[in-house]
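Reviewing the structure listed below.
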Amino acid sequence: MAQLTSKELAAIEDQLGAEQILIKKATLYAQTSTDPQLKTKCEQIAAKHQNHFNRLMNTLN
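Residue numbers (our numbering): 42 to 102.
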């Protein structure tokens, strides 16, 4: 794999931060939801963003 430029690394770091925020928000919404369908959807959203986060981290490793 080619070396990433500093600009590319900065963009990945920014996206990692955004994914972490989305994971935290969706997880919080799932924990506080009383609607089972909404809770499930929020859990799915959190899992999707966790997957994005993990894939970005793998890009850096």
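Glycine is no exception: its CB is placed at the ideal position from the N, C-alpha and C atoms. Computed from a prediction, not measured in an experiment: that's the story for all the values here.
Measuring only the C-alpha atoms, how far is residue 88 from residue 100? Taking the first residue of the sequence shown as 1, we reach residue 88 at position 47. Taking the first residue of the sequence shown as 1, we reach residue 100 at position 59. Between residue 88 and residue 100, the C-alpha separation is close to 18 Å.
Which of helix, strand or coil DSSP assigns to residue 72: For the purposes of this step, residue 72 is taken as residue 31 along the sequence shown, with counting starting at 1. Residue 72: helix per DSSP, three-state reduction.
Have a look at residue 79 and residue 43 and give me their C-alpha separation to the nearest angstrom. Counted from its first residue, the sequence shown places residue 79 at position 38. Counted from its first residue, the sequence shown places residue 43 at position 2. Taking the straight line from one Cα to the other gives about 42 Å.
Any idea what DSSP makes of residue 101, helix, strand or coil? Position 60 of the sequence shown, counting from 1, holds the residue named residue 101. Three-state DSSP puts residue 101 in a helix.
According to DSSP, is residue 44 helix, strand or coil? Your numbering for residue 44 matches position 3 in the sequence shown. It is coil, neither helix nor strand.
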